[in-house]
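Asks: Got a structure for you, questions after.
Protein chains: 2
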Amino acid sequence: MATTIVSRLKAGGKKLTKARKAILAVLERNTLPITAAEVHAGLVKSHAAADLVTVYRNLAMLQELGLVNAVGFHEGQMRYEVCHGRAHHHHIQCRGCGKIIDLMLCPLKKLTKLIEEQTKFAVDGHALEFFGWCPQCR
Amino acid sequence: MATTIVSRLKAGGKKLTKARKAILAVLERNTLPITAAEVHAGLVKSHAAADLVTVYRNLAMLQELGLVNAVGFHEGQMRYEVCHGRAHHHHIQCRGCGKIIDLMLCPLKKLTKLIEEQTKFAVDGHALEFFGWCPQCR
DNA sequence: GTGGTAAATGCAAGTAACTTGCAGAGGTGA
DNA sequence: TCACCTCTGCAAGTTACTTGCATTTACCAC
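Just so you know, the protein sequences line up as chains A and B, in that order.
The opening position of the first sequence corresponds to residue 2 in our numbering, with each subsequent residue numbered one higher.
The opening position of the second sequence corresponds to residue 2 in our numbering, with each subsequent residue numbered one higher.
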């Protein structure tokens with residue numbers, strides 16, 4: 002696990018528990034955003050099972066610390082990915098098979114400034130996901 | 002109610018029921034996306050109460066016909082707005098008070114083509130929402 | 001109008017994702 | 001090693017949404 006993650010946890014007064022390490026490990030070996038249930042399944046598979054509640058609590062905490070990113074595809078559940086050390090990016094999901102792929106781009110920096118001028122909001126984030134049909138499903 | 006909506010319903014083999022008319026009326030007098038519960042509350046207020054189940058079923062159907070748009074702000078629930086007759090647009094939501102405002106813009110046409118070339122997906126939609134703090138909450 | 005029919009509705013019960021409360025376990029700094 | 005405070009697991013609760021089914025309603029042909 003990256004040392005920055007450890008130091009950020011400590012800075013937040015958080016402990017480095019077995020469950021927490023295992024959850025971060027599962028997230029780190031999945032480059033694509035996964036659900037809480039999938040994190041839990043990953044824990045079971047790696048013989049480091051923790052309760053699903055613990056998964057939810059840790060995902061929420063890691064999100065607050067800015068170490069994990071929540072992504073929503075309107076599936077009725079959230080997905081999570083580690084954002085530490087990765088470039089800001091977005092995703093596309095296939096409406097057929099649900100496959101997700103990374104899009105290593107973001108066209109919204111200029112637009113954000115424009116929106117701040119127009120709305121007087123302090124914009125501090127955005128959610129952008131694309132939908133379509135993958136080569137296999139189209 | 003706009004005549005195009007009526008004709009689109011008929012084309013889809015759908016009936017123009019009392020509940021359906023009332024739901025569309027509630028949606029039409031709210032320019033900003035509202036939740037199913039808010040639609041239901043609107044029905045009660047206008048003395049045209051229908052069951053919440055009927056609201057859900059109609060929202061799903063209107064979405065399928067392309068008359069209504071679902072918007073998700075990761076609140077644990079969806080919001081809906083009529084899209085017929087309105088220009089494609091996006092939203093920003095305040096993290097403090099939850100206020101939503103329309104952003105009459107979309108920067109994604111060119112990008113969509115690029116993504117189609119890069120991924121071989123047939124892109125048929127996207128979700129883009131901004132988050133921040135409104136002048137009152139910032 | 002009348003009657004047939006397919007769609008729509010309301011109610012009750014069910015499901016899935018996520019949250020909360022609480023008692024016991026376990027990191028961590030002194 | 002001790003004490004403290006966080007973390008965990010279990011059980012129960014909440015919320016948004018869905019499903020099944022019997023009854024009602026809109027709509028079309030006559």
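Don't be surprised by glycine CBs; every beta carbon is placed ideally from N, CA and C.
Nearest-angstrom Cα distance between B/H85 and B/T32?
Replies: Your numbering for residue 85 of chain B matches position 84 in the second sequence. Your numbering for residue 32 of chain B matches position 31 in the second sequence. If I take the Cα positions, the gap works out to 12 Å.
Asks: CB-CB under 7 Å to B/G13, same chain, minus the five flanking residues each way: which ones, in chain order?
Replies: As a position in the second sequence, residue 13 of chain B is number 12, starting the count at 1. Closer than 7 Å at the Cβ level, and outside the excluded window around B/G13, lie L66.
Asks: Output the distance between the C-alpha atoms of A/L148 and B/G73, rounded to the nearest integer angstrom.
Replies: Given a span of 2 to 139 for chain A in the structure shown, any question on residue 148 of chain A remains unanswerable.
Asks: Can you tell which of B/K121, B/A37, B/H75 and B/V45 has the C-alpha that lies nearest to the C-alpha of B/R58?
Replies: On the second sequence, residue 58 of chain B is found 57 positions in, with the first residue counted as 1. Considering only alpha carbons, the answer is B/A37.
Asks: Which residues bound the beta strand (DSSP E) around B/L129?
Replies: Here residue 129 of chain B refers to the residue found at position 128 when the second sequence is read from its first residue. Counting along the chain, the beta strand (DSSP E) containing B/L129 begins and ends at A123 to W134.
Asks: Taking the alpha helix (DSSP H) that B/Q64 belongs to, which residues open and close that run?
Replies: Your numbering for residue 64 of chain B matches position 63 in the second sequence. Its alpha helix (DSSP H) spans residues L53 to E65.
Asks: Can you list, in chain order, the residues of the stretch 78 to 105 of chain B whose Cβ is nearer than 8 Å to any Cβ on chain A?
Replies: Listed by position along the chain: M79, I93, C95, R96, I102 and L104.
Asks: Give the straight-line distance between the Cα atoms of B/C98 and A/A123, rounded to the nearest whole angstrom.
Replies: The residue given as residue 98 of chain B occupies position 97 in the second sequence. The residue given as residue 123 of chain A occupies position 122 in the first sequence. Taking the straight line from one Cα to the other gives about 13 Å.
Asks: Output needed in chain order: residues of the stretch 113 to 131 of chain B with a Cβ under 7 Å from some Cβ in chain A.
Replies: Going along the stretch 113 to 131 of chain B in chain order, one finds I116, T120, K121, F122, A123, V124, D125, G126, H127, A128, L129, E130 and F131 with a Cβ nearer than 7 Å to chain A.
Asks: In terms of residue numbering, what span does the alpha helix (DSSP H) encompassing A/R80 cover?
Replies: Walking along the first sequence from the start, residue 80 of chain A turns up at place 79. That residue, A/R80, is in no alpha helix (DSSP H); its beta strand (DSSP E) goes M79 to V83.
Asks: In chain B, which residues lie less than 8 Å from A/A71 when you measure between Cβ atoms?
Replies: Walking along the first sequence from the start, residue 71 of chain A turns up at place 70. Going along chain B in sequence order, the residues near A/A71 (Cβ under 8 Å) are H75.
Asks: Using a threshold of 9 Å, state whether the C-beta atoms of A/S153 and A/A26 are closer than that.
Replies: This structure does not reach residue 153 of chain A, given that chain A is present from 2 up to 139, and the question cannot be answered.
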